[in-house]
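So for the sequence shown, the working numbering puts the first residue at 25; every next one is plus one. The C-beta atom is built at its ideal place from N, Cα and C for all residues, glycine as well. Note that the structure is predicted; figures quoted are calculated from it, not measured. The block underneath contains the structure these notes are about, expressed in structure tokens.
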Amino acid sequence: MRQFLLPREYAGEARISLAGDDLHYLTRVLRLREGDAVPAIDAGGTRYSLRLLHIGAAVCEAAVEPAPATEPSPLHEPDLRITLLQCLPKGPKMDSIVRQATEAGVARIVPLHSEHSLLGSGDLSGRQRRWERIAREALQQSGNQRLPVLEQPRPLMSIRAAEEWGTALFFHEKPLGNEPLHELLAHAPSRVSVLIGPEGGLSPAEVDFLEQAGFRPVYLGEGVLKVDTAAIAAVAVVKQIVRETHAWRPISEK
């Protein structure tokens, strides 16, 4: 379901003016005309309906109205906030990770410099704005309710054990721990942090550091996943396990 993300400065006005990329998205991408309406959402996740009143050459006027009532979902959707801590990969792969993580509904993305990251801090000029634009576009296309907070890159070794991480996990290509993911998520936590290494993986020193900081290792299984595949796979499996926790049933003994 496509939707329109209202400007960050939106504060409940009944009418707003839109220009630039917003005007292009509404009239060129969605091909809306005067009188047409589209689902809209603000930065806090509140849903609205945006109805175009007048379209000019450089600006359009729109009415922001309460969203129509919808039928409640029969599925149990826990209030789960996932943070993705992603060690920076090479090339444009972070663009794909930001897009897919937004589509998957993560609440926060924290890019990390790690020992095997192939992207120096000098190469990040302008990328932050592009990632924010990619996240915005992904939210509008996916229909999700949450625009992730996209933080500035920081060193992996700057992570400290803190309550902000909730249930903290790092996914690894080797079976370092003996706790299955279902057990780690058995109590349906409301906050889960998922850390993914770069193409070269996490160094032994980084693994030791993360374990001391309270991050629990999760085995990715046999085979090698690309870094962008690993990120979305980890987020998806965490989200699905927590969503279905309420439905788990013990297997009856025969």
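Check: Under the rule that 16 or more other beta-carbon atoms within 10 Å means buried, what is Glu230, buried or exposed?
Finding: Classification of Glu230: buried, given that the 10 Å Cβ count is 16 or more.
Item checked: Helix, strand or coil at Pro63 according to DSSP, with G and I counted as helix -> Strand, per DSSP.
Note to self: Just verifying my parser: in three-state terms, what is the DSSP assignment at Phe239?
What the structure shows: Coil at Phe239, not helix or strand.
Next item on the list: Compare the beta carbon distance of Val134 and Leu163 with 7 Å and say whether it is the shorter of the two.
Entry: Contact flag unset, no.
Margin query: I'd like to know whether the C-beta atoms of Pro172 and Ala131 end up nearer to each other than 7 Å.
Written below: With contacts defined by Cβ atoms closer than 7 Å, Pro172 and Ala131 form a contacting pair.
Note to self: What does DSSP give as the partner residue(s) for Pro90 in the beta ladder?
What the structure shows: Per DSSP, the beta bridge partners of Pro90 are Tyr72.
Item checked: Glu268 - DSSP class collapsed to helix/strand/coil -> DSSP places Glu268 in helix when its eight states are reduced to three.
Check: Rounded to a whole number of angstroms, what is the C-alpha to C-alpha distance between Pro63 and Ile40?
Finding: If you take the alpha carbons of Pro63 and Ile40, they lie about 15 Å apart.
Note to self: By the DSSP assignment, the beta strand (DSSP E) with Arg39 in it spans what residues?
What the structure shows: From DSSP, the beta strand (DSSP E) with Arg39 extends over Arg39 to Ala43.
Check: Any idea what DSSP makes of Gln169, helix, strand or coil?
Finding: Coil at Gln169, not helix or strand.
Next item on the list: Please say whether Pro228 and Gly201 have beta carbons closer to each other than 7 Å?
Entry: No, these two residues do not count as a Cβ contact at 7 Å.
Check: Could you give the distance in angstroms between the alpha-carbon of Leu50 and the alpha-carbon of Ile265?
Finding: About 36 Å.
Check: Between Ser214 and Tyr243, what straight-line distance do the alpha-carbon atoms span, to the nearest angstrom?
Finding: Ser214 and Tyr243: Cα-Cα distance of roughly 22 Å.
Checklist line | Candidates Ala159, Pro177, Ile158 and Ala258, of which the one nearest Leu193 by Cα | finding: Nearest option by C-alpha distance: Ala258.
Check: Within 10 angstroms of its Cβ, does Pro92 collect 16 or more other Cβ (buried), or is it exposed?
Finding: Exposed.
Next item on the list: Note the first and the last residue of the continuous beta strand (DSSP E) segment covering Ala192.
Entry: For Ala192, the uninterrupted beta strand (DSSP E) segment begins and ends at Thr191 to His196.
Notebook entry, point to check: Is Val83 helix, strand or coil by DSSP?
Noted result: Here DSSP, grouped into helix, strand and coil, assigns Val83 to strand.
Next item on the list: Kindly list the residues whose CB is nearer than 7 Å to the CB of His206, restricted to its own chain and excluding five residues on each side of it in sequence; keep chain order.
Entry: Same-chain partners within the cutoff: Ile265.
Next item on the list: Quick one: give me the first and last residue of the alpha helix (DSSP H) that Arg123 is part of.
Entry: Element bounds for Arg123: Lys117 to Glu127.
Notebook entry, point to check: Any idea what DSSP makes of His307, helix, strand or coil?
Noted result: Within the shown structure, residues of the chain are numbered from 25 to 278, placing residue 307 beyond reach of any answer.
Checklist line | Per DSSP, cross-strand counterpart(s) of Ser214 | finding: In the DSSP assignment, Ser214 forms no beta bridge with any residue.
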